[in-house]
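Asker:
Numbering (the working numbering), first residue to last: -17 to 1113.
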């Protein structure tokens, strides 16, 4: 029978025998240090003997030691009531169980304090008394045995600190603690279901707990932990952790002899009222190696902190084992990209083949696109390439997301499928296409010529500076290129994360599928393809803007006119090429700094600044340079909003995006956003398919709309709310205004009701398709940041606001003035009487507007006095009767843009760096819409300008030319600076983004890095590594020459740039990222065989990188192991 070890005094009384346990503290007993304790009794008795059943640990020789026991009523033991000695044999280690036979019985009385002394009588002897080792689950749960009869088992009777701490995070330290406690515990007690019933419900967070509880009891696979423990009885299960279930205490409600096991009830009964108690005792056949093998089988690298509420929908961001095996087996670089193929040996051939592949795809897509964009006069032809590439990418992505491999044969098959679809629809529409060709042949050629011009222009910029890294202004191309490579190498989706081995990319990765699908199909080397993708995106964005501008003007015309063409050109240039006026401001401030020298201050009086500028201008004529570095000319205009003691907001615009060349989500999505505007415009201009739409055509239009808008979620989620809202409004407006219900009845109210119902139904269908079509992405993606908060930092000064938006606002305000004048001129004063019945409402609206203005002023917004009245002005004109749908669409977009620029002054996404990303993500949306709206406004304005007074005409035209010239400074100065700003001037002009390496050196920790050595290593990995195995390389700081092997090969590394991983997965695995970084550092610096071996096994590393970077970052004896253990751990 199980019994606990303690010190007990054996006494007899009139009522029989009694045993009095005494407290014992784990202290060494030596000849100089004795153990003394006191006790009392609750009834008179006669002490017969003393029994020590504790373990006696030898902490020093000799083997034979003698312990003595003395009993007294005085603290100095001057009067001895009884004494005894025992001889302890410690020759074979610890011993236990000794009986002290007293020299004489002692009568004990209540109320007396007795003193007991244990002493070491052997010279040089040392022994320690240790009570029973009882393991428990938690420090704050009930420890067994409970306090009773004035005795506290853990107040000195039994061993303490044997706490398993079940609620601690499952990690290697917890595993080590479990193994230690299991080896050193004699019992394990469970006092309630609190731990095993709660932690077993969160396998993502407590896999070690679950494994422990399952094997402790012997709960069979297929049964839950809760079920097993709820029904468990002694002998029912057979555990394999070396502990036997020896006692169960369970109090069940009953009806007579009928017992009800209510352990399945909620915890008010099973934890607090009558908990089920388990006592486990270590068996004699306990095998620590077996226990270690069982518990170490748990994969602690997949543990994440999650609450039970979130556990049902939890995503651990790690690839399941079956998919991981598939990913690592596929993606052999040399098989995907044949460097000896003509397309990779000749850059000219690569450009031609790439261009033709995109063009043919666009031609095949056009018959399908013209059905979806039937409301546009040009049927969306300039956007056909964007649409075709989106459809190909979507079908390929769906194949990879639903169990079909993402490989070249599949992509080729889908490319052919789209060609066949296009031919089929082309044949069905042959009469319409023939007529269209006859009427618009010149337009088609002009569009093709424009696309080629934009493509070549951007291609030449890339040819001038194709480098995929720069030591100071390299941006985040390393992340983009690494992710692109990983997507290209992935066999299925989601793609594996090259910067977090074992995980998948928790980012807007669909954009890399969108731009990479043709790369994988054609087999173009990624470093070359990167510099083909960017010109393609630029041309698609520019031509999409061209189409929007052209259609806005052309919508009211029967024949094509030159003015439509020029408006389209203006929209394309304004969207894709022009910059803000930050370059002009740089020049002006540069002159000021030259003229003022050390006295310069941005807070100086404005006249003083002009004097400084004049002086600086003269200094420049004399040959002094403006105080800017080469990179400032393209960088500074993207940071025109000042911020005090906080990160500056990014004021990026498309041409900066394209010359800076980070293949980021916001770049890739730009052509898709214009496609979404085109879809919404088609719905409005086509009057909700009033004449041209069959049911199948309307259905296809909605599917395509959902495909386009939905693509923003996995490409750049920031754009989804804005463009979905834009298209929802377009559908609501068009259906309510133009839809004619079948069998329309005369009652207007009933007719309107049916229209509203149809509009709501249409919106539900569109929104539903937007999310359903991309559900495979949502199934895996975990949103890092989803909350917004009030922005309390620096807001935008009005001059900075105008520096960024000045050109567009000048054009838009000019047009608003002209439209207002025309409206007032055509509206008699007597028409105002129609407003008399609504006067109260108007007054309330006016007061509300003033209150909003005052509220924005009080919270520190500084642009509201300009943006808010302009938005109200646009809204009033929007409601004006009799204007064209094109103008109404422009006015709505203008109001939307002004609202967005005010919104980023008030709110910010939680987790943003300052408001850096919030500003630039929405500012890019505004730029695209402002640009196409300004182009259309120019087209309408040019008719009216001719009627203005000559002086006003000249002044307005001069102002416009100056503003356009200021905006054109950036593509002139910024582009040339970016082309010249290379890491090595010796690198030849090329389209190969890796060509800079053999010519470049970089100084970092430990000395100079010769990138040519890494270049050779990268090429070797590309050509020789099969599949996508894990590699490890040195982890350097952000934006340095780090993670270079994973970047240029796409192979998964243990850890890439830590900050980006923290952003993308840190909210789930916050401790894992620094843990991996520390593990890499330890691996390169350790000299221990087992440490290195465990690291390689733990992260399943197949290739180790040891180059200049590793030798510089990890100097010391740790590097010697790579030669020392060669042949045993690696070769």
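C-beta atoms are modelled at their ideal positions from N, C-alpha and C, and glycine is treated no differently.
1. Between residue 666 and residue 339, how many whole angstroms is the CB-CB distance? I'm expecting something under 8 Å.
2. By alpha-carbon positions, which one of 106, 66 and 114 ends up nearest to residue 100?
3. For residue 550, which option in 525, 571 and 562 has the closest C-alpha, if you only look at C-alpha atoms?
4. Can you give the Cα-Cα distance for residue 55 and residue 274, rounded to whole angstroms?
5. Assess, as a yes-or-no matter, whether the stretch 628 to 635 is touched by the stretch 892 to 911 under the definition of 3 or more beta carbon pairs within less than 8 Å.
6. What residue range is occupied by the uninterrupted alpha helix (DSSP H) comprising residue 1090?
7. Report yes or no: do three or more beta-carbon pairs, one from the stretch 437 to 452 and one from the stretch 649 to 663, lie closer than 8 Å?
8. Going by C-alpha to C-alpha distance, which of 927, 889 and 802 sits closest to residue 1140?
9. Buried or exposed, going by whether 16 or more other CB atoms sit within 10 Å of the CB of residue -6?
10. Got a sec, what are the start and stop residues for the alpha helix (DSSP H) residue 1066 sits in?
11. Can you round the beta-carbon distance between residue 258 and residue 230 to whole angstroms, since I take them to be within the 8 Å contact cut?
12. Let me know the secondary structure DSSP gives residue 601 once reduced to three states.
13. If we count the other Cβ atoms within 10 Å of its Cβ and call it buried at 16 or more, is residue 816 buried or exposed?
14. For the beta strand (DSSP E) that residue 47 lies in, which residues bound it at each end?
15. Which residue from 679, 950, 845 and 957 puts its Cα closest to that of residue 410?
16. Of the choices 233, 148, -8 and 587, whose alpha-carbon is the least far from that of residue 87?
17. Looking at C-alpha atoms only, which residue of 1036, 1041 and 1034 is the closest neighbour of residue 1020?
18. For residue 105, which three-state DSSP category applies?
19. Got a sec? Which residues, its chain only, sit under 8 Å from residue 867 by beta carbon, not counting five neighbours each side?
20. Would you mind sorting residue 963 into buried or exposed? The rule is 16 or more other CB atoms within 10 Å of its CB.
21. If contacts are defined as beta-carbon pairs under 8 Å, then residue 565 and residue 951 qualify, I think. What distance do you get, rounded to the angstrom?
22. Measure how close the beta-carbons of residue 913 and residue 797 come, nearest whole angstrom, since I'm counting them as under 8 Å.
23. At the level of alpha carbons, what is the spacing between residue -2 and residue 27?
24. Work out the CA separation of residue 432 and residue 444 for me, nearest whole Å.
25. So, with DSSP's three-state summary, where would you put residue 764?
26. Please tell me whether residue 284 and residue 484 are closer than 9 Å, where the distance is taken between their beta carbons.
27. Measuring straight from C-alpha to C-alpha, what distance separates residue 773 and residue 309?
28. Is residue -15 helix, strand or coil when you go by DSSP?
29. Based on DSSP bridge pairs, tell me the residues matched to residue 67.
30. Select from 992, 712, 447 and 646 the residue whose C-alpha is nearest the C-alpha of residue 973.
31. Would you list the residues sitting across from residue 118 in a DSSP beta bridge?
32. Near residue 880, what residues of its chain come up, given a Cβ to Cβ distance below 6 Å and the 5 sequence neighbours on each side ignored?
33. Could you spell out the range, first to last residue, of the alpha helix (DSSP H) harbouring residue 1113?
34. One question on the structure: do residue 643 and residue 506 come within less than 9 Å of each other, judged by their Cβ atoms?
35. Less than 9 Å separating the beta-carbons of residue 915 and residue 943?
36. Please report the straight-line C-alpha distance between residue 239 and residue 208, rounded to a whole angstrom.
Answerer: With the given structure in hand:
1. Actually they are not in contact, since the Cβ atoms of residue 666 and residue 339 sit about 33 Å apart, beyond 8 Å.
2. For the residues 106, 66 and 114, the minimum Cα distance to residue 100 belongs to 66.
3. 525
4. 51 Å
5. yes
6. Segment 1090 to 1095, the alpha helix (DSSP H) holding residue 1090.
7. No, they do not touch.
8. Any property of residue 1140 remains undetermined from this structure, which presents the chain solely from -17 to 1113.
9. Burial state of residue -6 is exposed, judged by a 10 Å Cβ sphere holding fewer than 16 other Cβ atoms.
10. Unbroken alpha helix (DSSP H) run through residue 1066: 1054 to 1067.
11. So it is a contact: roughly 7 Å between Cβ atoms.
12. helix
13. exposed
14. 46 to 54
15. Taking only the C-alpha atoms, the option nearest residue 410 is 679.
16. -8
17. 1041
18. The answer is coil: DSSP assigns residue 105 none of H, G, I, E or B.
19. 537, 666, 667 and 669
20. buried
21. 4 Å
22. The pair is not a contact, with the Cβ atoms about 14 Å apart (cut-off 8 Å).
23. 9 Å
24. 18 Å
25. coil
26. The Cβ-Cβ distance between residue 284 and residue 484 falls below 9 Å.
27. 42 Å
28. For residue -15, the predicted structure reports a pLDDT of 47, less than 50, and the residue's modelled location is therefore unreliable. A value from the coordinates is still provided. Note: residue -15 maps to coil in three-state DSSP.
29. Answer is 50.
30. 447
31. Beta-bridge pairing links residue 118 to 145.
32. Residues of the same chain with a CB within less than 6 Å of the CB of residue 880, apart from the 5 flanking positions on each side, are 849, 852 and 853 in chain order.
33. In this chain, residue 1113 is not harboured by any alpha helix (DSSP H), its DSSP state being neither H nor E.
34. no
35. no
36. 25 Å
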